[in-house]
Amino acid sequence: MSQEQARMADHPHAAEPSHPNQFALLRQRRFAPFFWTQFAGAANDNLFKFAFTVMVTYQLSVSWMPPSMAGLVIGALFILPFLLFSATSGQLTDKFDKTRMIRFVKNLEIAIMLVAAWGFLASSAAVLLACTFLMGLHSTLFGPVKFAYMPQVLNERELTGGNGMVEMGTFVAILLGQVAGGLLVAVPDIGHAWVAAACVLLALAGRAVAQFIPSVPATDPGLSINWNPVTETWRNLKLAHASPVVFRSLLGISWMWFFGAVFLSQFPSFAKEVLHGDAHVASLLLVVFSVGIGVGSLLCEVLSRRHVEIGLVPLGAIGMSVFAIDLYFASRSLPPAPEMGLGAFVAQAAHWRVMADLALLSLFAGLYSVPMYALIQMRSQPTHRARIIAANNILNALFMIGSSLIAGALLGAGFSVPQIFLFTGIANAIVAFYIFLLVPEYLLRFVAWVASRFVYRFRIRGDEHLPTQGAAILVCNHVSFVDAVLLMAASPRPIYFVMDHRIFRVPVLGWLFRLAKAIPIAPQKEDPAVYAAAFERAAQVLREGDLLAIFPEGGITRDGQLQPFKGGIMKILERAREEGVAPPVIPMALTNLWGSYFSRIERGTAMARPFRRGLFNRVGLNVGPAVPATLVQPDLLRERVAGLLAD
């Protein structure tokens, strides 16, 4: 299979027009039927589980399952298939057409719900427990295909918005399913029949919509299925571990599920024992949390300029910790009170701070998780992307089990629910800091995102010329000490910069560029070893298919004018040819940076007058079409960059 054939297999609908915003995807066949199919499935999962939980807690007397254990048993049975069958489901998704897989899973859901309907009508806890396990299997099979489908039908600019829509839809579906399940099962005399009918109808609706999902080809049709869940689980984890960024992102997502599971599992106790509210107050907390996740997920596209922007992940982690910790302080001082209904609870001003903390910590959790999902989809090899998602599901299940055990141990040791929230918020800060040290790309993107959003008002033109895959060389004019930071903000892919060795001595910036693995270069006469090592490292970057950026002027301009381009680009291309690589060269021009705080307008120095041009300076980046490696000459590149400056 050629590279172009592989690209088309991975993006069979790439030729379709890009959406103006994420909601417009709901009008496109490549996304809308898929969205409503997964929405119906998530709603049905939760309608069934919640109705069953209410039934065995309040309506049935089951000697071998006390009401206090019902929720725990149902939750454990639902999550068990994720541990047992995720590895197999990832293989099946990579091997077969994903649309066929979706329809198979929806057919399975109909069969399970027909059995569950009989269980509700017969009030059989044993049958419904078996169906709980089978619905867990249904979700296990659907998880990898859900996240592996999107990168095959959405381009890079749509991936964040698509993931945001799915994340929002999932939490709204969970909320609606639980509300509907609780209301229907409580209807006197006919509640069980209504739940049975609703479960079957939702399954049928999901299958009907799935019929309109366009065909998406298999990414690894020759894969030989390994049916041993233990060895295949280990192999999936090894596949994920082969890419450190991907694997650590899986750990980051799993930590988010740990974090969320702690809060969701404690809402009933928190509402009753701390907030002195009834069951309706516990439901309100779930509504606030779900809405927050949904809003945060949708905000990702707006805040990321419609790219996969992992700079939002540190922002999300900060918000999660800040508002989890504040939730402890907001709730610990609430005075004892008789049990309150929803109206009385909302009427007290102190409770609004609690709800605001919950809404904001969940909003930031949405900002944290959506870019990670998109990054995993974008950076995973198409041939085993579903198996990477399966590894993610296994880790998620383990982390959620761990959250239950740790929360239970803390409660057993005498900790209060607010103290558990405080512990979780502090632990989140520690874990996030550790992840960002392991994967500095998150921190670098965050710095670049802040600089391009809050230090400058940064506008990019021609970013469609930035390559989404493969080796390329970016050449740009050099106006300020933060040029590289702004180029980082412009590209969704990591960039390796060749930079004057002296910039590494600048406080903060030097640390930042070392973290970014920038390549120091010195004149050959000054330091031959550094000079030779720079070209060797540049050749390695291109050989590995990454982006290399250089500033051909050789230094920051002292008069704001474009300087002559030096010949280093030719030596880089010569070394690349020796490696069998012919990378295109992308001309770029930073505009309106001269005279800003980080340029050298003040007596040849920078950072002399912070507010010389006021705050939030408007700056831009113009990106031009690629120049083939065979046509590159320094004068031609300078001419192209000058033209972009004029634009």
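In terms of the working numbering, the sequence shown is residues 3 to 649. Ideal placement from N, C-alpha and C gives every residue a C-beta, glycine not left out.
Problem set entry | Per-residue DSSP class, three states only, for N398 | helix
Exercise. According to the Cβ coordinates, are N479 and V643 closer than 7 Å?
Worked result: yes
For this session: Taking G645 as part of the alpha helix (DSSP H), name the residues at either end of that continuous run.
Result: 636-648
Problem set entry | Cβ shell of M258 (< 7 Å), same chain only, five flanking positions each side left out | A367, Y370, S371
Problem set entry | Residue span of the alpha helix (DSSP H) that contains V147, given as start and end | 127-155
For this session: Let me know if G547 comes out buried or exposed under the rule of 16 or more other beta-carbons within 10 Å of its beta-carbon.
Result: exposed
Problem set entry | Cβ pair I104, A182 closer than 7 Å | no
Exercise. Taking all protein chains shown into account, do 16 or more other C-beta atoms lie within 10 angstroms of the C-beta of L589, making it buried, or fewer, making it exposed?
Worked result: At residue 589 the sequence reads Pro, which differs from the Leu that was named. Buried: at least 16 other Cβ atoms inside 10 Å.
Problem set entry | Residue span of the beta strand (DSSP E) that contains T593, given as start and end | 587-593
Exercise. Are three or more beta carbon pairs between the stretch 283-303 and the stretch 353-367 nearer than 8 Å?
Worked result: yes
Problem set entry | Unbroken stretches of the beta strand (DSSP E), 3 residues or longer, contained in the stretch 184-270 | none
Exercise. Counting pairs of Cβ atoms below 8 Å between the stretch 340-347 and the stretch 203-221, do you hit three or more?
Worked result: no
For this session: Round the Cβ separation of V543 and P586 to the nearest angstrom and send it over; I've been treating them as touching at under 8 Å.
Result: That pair is no contact at about 14 Å.
Exercise. Among residues of its own chain, excluding the 5 on either side of F25, which ones have a beta-carbon nearer than 8 Å to its beta-carbon?
Worked result: M167
Exercise. For Y330, which three-state DSSP category applies?
Worked result: helix
Exercise. Who are the near neighbours of L225 in its chain, counting only those whose CB is closer than 7 Å to its CB and skipping five residues on each side?
Worked result: Q93, D96, K97
For this session: Closer than 6 Å by C-beta to A423: which residues in its own chain qualify, once you throw out the five before and the five after it? Chain order, please.
Result: This sequence places Phe at residue 423; Ala is not what is there. Around F423: A326, L329, Y330.
Problem set entry | Rounded separation between G43 and R237 - CA only | 29 Å
Exercise. What separation, rounded to the nearest whole angstrom, lies between the Cα atoms of I497 and R334?
Worked result: 47 Å
Problem set entry | Straight-line gap, Q421 to I408 (C-alpha atoms, nearest Å) | 13 Å
Problem set entry | Spatial neighbours of A551 in its chain, beta-carbon cut-off 8 Å, leaving aside the 5 residues before and after | I475, L476, V477, C478, A486, L489, I497, Y498, F499, V500
Exercise. What residues in its chain sit with their C-beta under 8 Å from that of N594, if we drop five residues either side in the sequence?
Worked result: N619, R620, V621, G622
Problem set entry | Simplified DSSP state of D465, which is helix, strand or coil | helix
Exercise. Out of curiosity, what's the CA-to-CA distance linking A78 and R545?
Worked result: 47 Å
Exercise. Are the beta-carbon atoms belonging to Y444 and N165 less than 7 Å from one another?
Worked result: no
Problem set entry | C-alpha distance - F84 paired with Q154, whole-angstrom precision | 24 Å
Exercise. Does the distance from the CB of P636 to the CB of G582 come in under 7 Å?
Worked result: no
Exercise. Among residues of its own chain, excluding the 5 on either side of V634, which ones have a beta-carbon nearer than 8 Å to its beta-carbon?
Worked result: I571, M572, L575, V587
Problem set entry | Every unbroken beta strand (DSSP E) within the stretch 453-531, with a cutoff of 3 residues, ordered by chain | 458-463, 474-478, 497-502, 521-523
Problem set entry | Inside the stretch 530-559 only - beta strand (DSSP E) runs reaching at least 3 residues | 549-552
Exercise. Span of the beta strand (DSSP E) holding G622?
Worked result: 619-625
Exercise. Does the stretch 307-319 come within contact of the stretch 26-39, defined as at least 3 CB pairs closer than 8 Å?
Worked result: no
For this session: Please determine, among T632, L638, L647, the residue with the shortest C-alpha to C-alpha distance to V625.
Result: L647
Exercise. Around the Cβ of I227, are there at least 16 other Cβ atoms within 10 angstroms (buried) or fewer (exposed)?
Worked result: exposed
For this session: Please report the Cβ distance between A492 and I462, rounded to the nearest whole angstrom; I am assuming they are in contact, meaning their Cβ atoms lie under 8 Å.
Result: 5 Å
Exercise. To the nearest angstrom, how far is it from the Cα of S256 to the Cα of L564?
Worked result: 48 Å
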